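S.K.: Pasting in a structure now, in C-alpha cells, and then I'll have a few things to ask.
There are 4 protein chains.
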Amino acid sequence: MSREKKEILYNATLSLIAENHQIGSIKVADIALKANMGKSTVYEYFDSKEQLIAESLIYMFKKGIEAFEQIVAESKDFKETFFILLDNLAHCLDKNRRMLDYMTMNECNIAIHQTVKSIMSEKFEELRTAYFQAVEKLVDKSIAEGLIKEKPAKFDWYMAVVNSMTYMFIHKQNFPEFNHLTDDEVKEKAYLAFLKILNNSDKI
Amino acid sequence: MSREKKEILYNATLSLIAENHQIGSIKVADIALKANMGKSTVYEYFDSKEQLIAESLIYMFKKGIEAFEQIVAESKDFKETFFILLDNLAHCLDKNRRMLDYMTMNECNIAIHQTVKSIMSEKFEELRTAYFQAVEKLVDKSIAEGLIKEKPAKFDWYMAVVNSMTYMFIHKQNFPEFNHLTDDEVKEKAYLAFLKILNNSDKI
Amino acid sequence: MSREKKEILYNATLSLIAENHQIGSIKVADIALKANMGKSTVYEYFDSKEQLIAESLIYMFKKGIEAFEQIVAESKDFKETFFILLDNLAHCLDKNRRMLDYMTMNECNIAIHQTVKSIMSEKFEELRTAYFQAVEKLVDKSIAEGLIKEKPAKFDWYMAVVNSMTYMFIHKQNFPEFNHLTDDEVKEKAYLAFLKILNNSDKI
Amino acid sequence: MSREKKEILYNATLSLIAENHQIGSIKVADIALKANMGKSTVYEYFDSKEQLIAESLIYMFKKGIEAFEQIVAESKDFKETFFILLDNLAHCLDKNRRMLDYMTMNECNIAIHQTVKSIMSEKFEELRTAYFQAVEKLVDKSIAEGLIKEKPAKFDWYMAVVNSMTYMFIHKQNFPEFNHLTDDEVKEKAYLAFLKILNNSDKI
DNA sequence: CATGAATGAGACTTCATTCAT
DNA sequence: AATGAATGAAGTCTCATTCAT
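Residue numbers (the UniProt record's numbering), protein chains in the order written: chain A, 1 to 204; chain B, 1 to 204; chain C, 1 to 204; chain D, 1 to 204.
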C-alpha cells in the first residue's frame with residue numbers, strides 16, 4: 001500500500017511538473033489535491049516536498065528509460081522503432097514542453113534545491129548508464145541493418161540521437177515559421193539527420 | 001539615469017539567473033543586494049518582480065542577438081565565425097548550464113508567471129525574427145563560401161545551427177563518458193555535423 | 001490488563017519527561033513508541049494526551065511518596081535514613097535535573113494546560129497531605145533521637161527538608177565552581193544545614 | 001532603533017514566559033501580539049523563535065543580575081539589603097512562579113531546544129560568573145558587619161543565599177498549610193536561616 | 001483490543017510589496 | 001530619488017486525534 005500511494009504521489013507530482021513547467025513553484029497543496037488526499041497525508045509518505053519531488057523525478061526517468069528500452073526491444077526494424085520513439089517524444093512534449101531538458105538528462109533542471117540535488121546525485125549515474133545502454137541498443141539496430149556502415153564513437157551516436165530528438169522539440173515550440181511542417185515531415189527530417197551525421201564521415 | 005539604474009538591475013537579475021538556474025526562485029532581496037540598492041528602490045524602476053525579470057530576459061536576448069550579429073558581421077570566413085560563436089556559447093554555458101533553453105528561445109522557460117508571459121509575448125516575436133535573421137546571415141556565409149551547395153529550407157538550416165549548439169551543451173554536462181573530449185574536438189564535430197546535415201541531401 | 005497497560009504508558013511518559021525536561025513538548029507518538037504500541041492504542045486508555053500526562057504525574061508523585069514513606073518506615077536511625085533519601089534524590093536528579101520542581105510540588109510545572117491543571121488539582125491536595133505526613137515522620141525521627149530539641153513549626157521543618165534537598169540539586173547542576181565536592185560531602189553539608197536550621201533558634 | 005525594537009520583543013517574550021510558565025509552548029503570534037507588531041516583523045529582528053527566546057532569557061538574566069548588583073551596591077546595611085532582595089524576589093515570583101528556576105540558573109530550563117541551548121551556552125558561564133560575584137558582595141557585607149564570623153567556603157555561602165530564596169519560593173506556592181504566614185515573617189525566617197547556616201559550624 | 005492510515009487545525013517562516021520619511 | 005521598516009498572504013510542516021478494519 002505504501003508503494004501504491006507513493007506512486008500516486010509521484011504521478012501527481014509529475015503531472016504538475018508537466019503543467020507548471022517550473023519545479024520550484026510546485027506546492028504541496030497542489031500535489032495533495034491532485035492525488036486526492038490531505039496535505040498532511042503527503043508527509044506520511046515523504047519527509048519533505050524536496051524528497052517527494054526528487055523521488056518523482058527519479059521515478060519519471062526510470063519509467064521513461066523502461067519505455068524506451070521496451071520500444072527498442074520489440075522486434076521492429078530500425079526506422080519503425082525510431083519513428084515510434086519520436087512519436088512517443090512528441091506525445092511527451094505535448095504534455096510538457098520542457099521534457100527535452102529531462103531527456104537530455106540535464107542535471108541542472110533538477111538541482112533546484114540542495115536537498116533534491118543530494119538525493120538525486122546518487123541515483124543519477126545509475127540512471128544515465130541505463131539510458132546510454134538503451135540508446136546504444138537502438139544505434140546497434142541501425143548498424144545491424146546496414147544503415148550505418150561502422151559503429152561510431154559513443155559521443156557521436158549519442159549526439160545523433162539527441163539531435164534527432166531536438167528536431168521534435170524545436171517543432172513543438174510552434175514557431176509560426178515552422179507551422180507548415182507536419183509531425184511526419186519532421187520525423188522524416190530527424191531520421192535523415194541521424195543517418196547523415198553517422199555516415200559519410202569520409203565525404204567531408 | 002533611469003536607464004542606467006535599470007541596466008544595473010537587469011544585469012543583477014541576469015547574473016542571478018545564471019547562478020540560480022531557476023527563474024522562479026529568484027528573490028527581490030537578492031537582486032537588490034546584487035545591485036547594491038535597497039529592496040524598495042527596485043520598485044521605483046519596476047512595477048513588480050515579474051516585470052523586472054521579463055524585461056531582464058528581453059534585455060538578455062537582445063544583447064545576445066546583438067553579439068551574435070556582430071560576430072557574424074565581422075569579415076571572418078565561415079568556419080572561424082562558427083567557431084567563435086561556439087566558443088561564445090561554451091562561455092555562456094560555463095556560467096549557466098541552462099543557457100541552451102534560452103538560446104533555443106524555448107518560451108516555457110520564461111512563462112513562469114502569467115505576468116512575465118504576457119509581458120514577453122509581445123516582444124518575443126520581434127526577438128525571434130531578429131534571431132532568425134542573424135542565424136540566416138551565418139548560413140548565407142557558408143553558402144557564399146560554397147560549403148553548402150544550395151540554400152536549404154529555413155527549418156533545415158535553423159535545425160543545423162541548433163544541433164551544432166547542442167553539441168556544446170551536451171559536452172558541458174560533463175558526463176564522465178565524454179570527459180576525454182576537448183572543447184576543440186567538440187567544436188570540430190559540431191562543425192562537421194552542420195555541414196553533413198545541410199549537404200548530401202541527395203545521397204540518402 | 002487495563003491497569004497494566006496504563007502503567008506501561010505512565011512509565012513511558014515519565015521516562016520521556018525525565019529525558020525531555022519539558023512536559024509541553026512531549027508527543028503522543030513518542031510515548032507510544034516508548035511503550036511499544038500504536039499511537040491510536042493510547043487513546044483506548046486515555047481520552048487525551050493531557051489526561052495521560054496528568055495521570056502519569058500523579059502516578060509519579062504517588063510512587064515517589066510511597067518510596068519516601070518506605071525509606072522512613074525502615075527502622076534505620078535518622079542520619080542513615082536522611083542519607084538514603086538524599087541518595088535517592090541524587091539518583092532522580094541524575095535522570096531528570098528538573099526533578100526538584102516536582103519534589104517541591106511546584107504546581108506551575110504541571111499546569112501546562114488547562115486540562116492537566118483541572119485533572120490534577122483534585123488529587124493535588126491529597127498528594128501534598130500524604131507528602132507532608134511522610135516528611136513529618138522523618139522529622140519526628142530526628143526529634144525522637146534528640147537531634148532536634150523541640151518540634152519546630154510545620155513551615156520550619158518543611159523548609160529544613162526542602163533546603164537539604166536543594167543542596168543536592170545545586171550540586172547536580174555541575175557548576176565548575178562546585179565540581180570539586182563529592183556527593184558524600186554535599187550530603188554531609190545538607191545534613192548539617194538541616195540540624196542548624198532547626199536548632200539554636202534561641203541563639204540568634 | 002533596532003536595539004529598542006529588540007528590547008520590546010525581549011520584554012514581550014519574557015512577560016509571556018512569566019504568564020505561560022512553559023517556554024516550549026510560546027507562539028510567535030503571541031509575542032508579536034504582545035509587542036504590537038505583525039508576526040513577520042519579528043523575523044526582521046531575529047532569525048528564529050528560538051534565537052529570540054534565547055536572547056530574551058539572556059536579557060532577563062542580565063537585567064536580573066544588574067538589579068541584584070545595584071541593590072547590593074546601595075549603602076544599606078546587610079539586613080536591609082537582604083530584605084529588599086527578598087522583596088524583589090517575592091515580586092518576581094508573583095509574576096512568575098517558575099522564577100526560582102531561573103534564579104538558581106538551572107540550565108535545563110533553557111535547554112528546551114538545541115538551538116536555544118547552543119546560543120545560550122556561550123553566554124551562560126559569563127552570566128553565572130557575574131551572578132556569583134554579585135552574591136559574594138552580599139555575603140561580604142554580612143561578614144563586614146560581623147554577622148558572620150569568618151568567610152565560609154563558596155559553596156556554603158552560595159547555598160545559604162539559595163536557601164533563603166527558597167523560603168520565599170515555597171511560601172509563594174500558597175499551600176494552605178502556610179497561608180497564615182505573612183511575607184514579613186517568611187523574610188525573617190529566611191534571614192535567620194542564612195545566619196544559622198553560616199554560623200555555629202563548631203556547635204554541631 | 002489494536003492499529004495503520006488519514007487529516008484539520010495551527011505553528012513557523014518567507015517574501016513581494018507598501019509606506020513614511 | 002532612495003530606503004528602512006513593517007506586514008499580509010501564502011507556503012511548509014507538525015501533531016493530536018479519529019476512524020475503519
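All C-beta atoms, glycine included, are put in the ideal place defined by N, C-alpha and C. Bear in mind the structure is a predicted one, so any value in this text is a computation, not a measurement.
Within its chain, find whatever has a CB closer than 7 Å to the CB of Met168 (chain C); leave out the 5 residues flanking it on each side and keep chain order.
M.R.: Excluding positions up to five away in sequence, the list reads Leu86, Leu89, Ala90, Leu93, Val186, Ala190.
S.K.: Using 10 angstroms around the beta-carbon of Leu16 (chain A), count the other beta-carbons present and answer buried if the total reaches 16, otherwise exposed.
M.R.: With 16 or more Cβ atoms within 10 Å of its Cβ, Leu16 (chain A) is classed as buried.
S.K.: Compare the C-beta of Asp140 (chain A) with all C-beta atoms of chain B and state if any pair is closer than 9 Å.
M.R.: Taking Cβ atoms only, chain B never reaches closer than 9 Å to Asp140 (chain A), which makes this a no.
S.K.: Take Ala18 (chain D) and list the residues in its own chain whose beta-carbon comes closer than 7 Å to its own, dropping the five residues that flank it on each side.
M.R.: Lys95, Asn96.
S.K.: If you draw a straight line from the C-alpha of Leu198 (chain A) to the C-alpha of Pro152 (chain A), how long is it?
M.R.: Between Leu198 (chain A) and Pro152 (chain A), the C-alpha separation is close to 7 Å.
S.K.: For Thr41 (chain C), which three-state DSSP category applies?
M.R.: It is helical.
S.K.: What residues in the region 161-174 of chain C have a beta carbon less than 7 Å from any beta carbon of chain D?
M.R.: Residues Val162, Asn163, Thr166, Tyr167, Ile170, Gln173.
S.K.: For the alpha helix (DSSP H) that Glu7 (chain B) lies in, which residues bound it at each end?
M.R.: Taken as a continuous stretch (DSSP letters only), the alpha helix (DSSP H) holding Glu7 (chain B) covers 2-20.
S.K.: Quick check on His113 (chain D): does DSSP put it in helix, strand or coil?
M.R.: His113 (chain D) falls in the coil class under three-state DSSP.
S.K.: Check distances from the C-beta atoms of the region 83-103 of chain D to those of chain C and list, in chain order, the residues that come in under 9 Å.
M.R.: Within the region 83-103 of chain D, the residues whose Cβ lies closer than 9 Å to some Cβ of chain C are Asn96, Arg97, Arg98, Leu100, Asp101, listed in chain order.
S.K.: In chain D, which residues lie less than 9 Å from Lys154 (chain C) when you measure between Cβ atoms?
M.R.: Simply Glu177, Phe178.
S.K.: Rounded to the nearest angstrom, what separates Pro176 (chain C) and Ser40 (chain A) at their Cα positions?
M.R.: Each residue's Cα considered, the two are about 47 Å apart.
S.K.: Return the CA-CA distance between Glu136 (chain A) and Asn174 (chain B), expressed in angstroms with no decimal places.
M.R.: About 19 Å.
S.K.: Buried or exposed: which applies to Gln22 (chain D), given that a residue is buried once 16 or more other Cβ atoms fall within 10 Å of its Cβ?
M.R.: Its Cβ being crowded by 16 or more others within 10 Å, Gln22 (chain D) is buried.
S.K.: Determine the closest residue to Lys149 (chain A) out of A:Ile119, A:Ser121, A:Phe194, with distance taken between C-alpha atoms.
M.R.: Nearest option by C-alpha distance: A:Phe194.
S.K.: Check the Cβ-Cβ distances between Arg3 (chain B) and every residue of chain A, and say whether any is below 9 Å.
M.R.: Chain A contact via Cβ: absent.
S.K.: Going straight from the alpha carbon of Lys203 (chain D) to that of Ile143 (chain C), what length do you get?
M.R.: The predicted model places Lys203 (chain D) with a pLDDT of 43, which falls under 50 and marks its position as unreliable; any figure quoted below should be read in that light. Cα to Cα, Lys203 (chain D) sits roughly 18 Å from Ile143 (chain C).
S.K.: Would you mind reading off the limits of the alpha helix (DSSP H) that contains Leu198 (chain B)?
M.R.: Looking at the DSSP string, the run of the alpha helix (DSSP H) that includes Leu198 (chain B) is 183-198.
S.K.: Work out the CA separation of Val139 (chain C) and Glu145 (chain C) for me, nearest whole Å.
M.R.: If I take the Cα positions, the gap works out to 10 Å.
S.K.: Roughly how many angstroms separate the alpha carbons of Val162 (chain C) and Thr104 (chain C), rounded to a whole number?
M.R.: Near 7 Å, if we compare the C-alpha coordinates of Thr104 (chain C) and Val162 (chain C).
S.K.: Can a CB atom of chain B be found closer than 9 Å to the CB of Ser25 (chain A)?
M.R.: Chain B, which has a Cβ nearer than 9 Å to the Cβ of Ser25 (chain A), makes this yes.
S.K.: Spatial neighbours of Leu14 (chain C) within its chain, please: C-beta separation below 7 Å, excluding the five flanking residues on both sides.
M.R.: Excluding positions up to five away in sequence, the list reads Ser56, Met60.
S.K.: Quick one: does Gln22 (chain C) have its CB under 9 Å from some CB of chain D?
M.R.: At least one chain D Cβ lies under 9 Å of Gln22 (chain C).
S.K.: Considering just the uninterrupted stretch of the alpha helix (DSSP H) at Leu147 (chain B), what are its terminal residues?
M.R.: It is not in any alpha helix (DSSP H) - Leu147 (chain B) carries neither H nor E in the DSSP assignment.
S.K.: Starting from the Cα of Ile8 (chain C), find the closest Cα among C:Ser25, C:Phe46, C:Lys123 and give me that residue.
M.R.: It is C:Phe46 whose Cα lies nearest to the Cα of Ile8 (chain C).
S.K.: Using only alpha-carbon positions, find the residue among D:Met99, D:Val28, D:Met159, D:Ile58 that is nearest to Leu127 (chain D).
M.R.: Residue D:Ile58 is the option with its Cα nearest to Leu127 (chain D).
S.K.: Anyone know if the C-beta pair for Tyr10 (chain D) and Phe68 (chain D) falls short of 9 Å?
M.R.: Not closer than 9 Å, so no.
S.K.: Can you list, in chain order, the residues of its chain with a C-beta nearer than 6 Å to that of Glu74 (chain D)? Leave out the 5 residues immediately preceding and following it.
M.R.: The answer is none, since no qualifying residue turns up.
S.K.: Determine, for Thr13 (chain D), whether the minimum Cβ-Cβ distance to residues of chain C falls below 9 Å.
M.R.: It does not: the Cβ of Thr13 (chain D) has no partner Cβ on chain C nearer than 9 Å.
S.K.: Thinking just about the alpha-carbon of each residue, which of C:Ala54, C:Leu33, C:Leu147, C:Met37 is nearest to the one in Glu122 (chain C)?
M.R.: Comparing Cα positions, the closest option is C:Ala54.
S.K.: Determine the DSSP secondary structure at Lys151 (chain B), reduced to helix, strand or coil.
M.R.: Coil at Lys151 (chain B), not helix or strand.
S.K.: Name, going along the chain, the residues of the region 52-80 of chain D whose beta-carbon falls closer than 9 Å to a beta-carbon of chain C.
M.R.: Going along the region 52-80 of chain D in chain order, one finds no residue with a Cβ nearer than 9 Å to chain C.
S.K.: Between which two residues does the alpha helix (DSSP H) holding Ser25 (chain C) run?
M.R.: Unbroken run through Ser25 (chain C): none, as it is neither H nor E.
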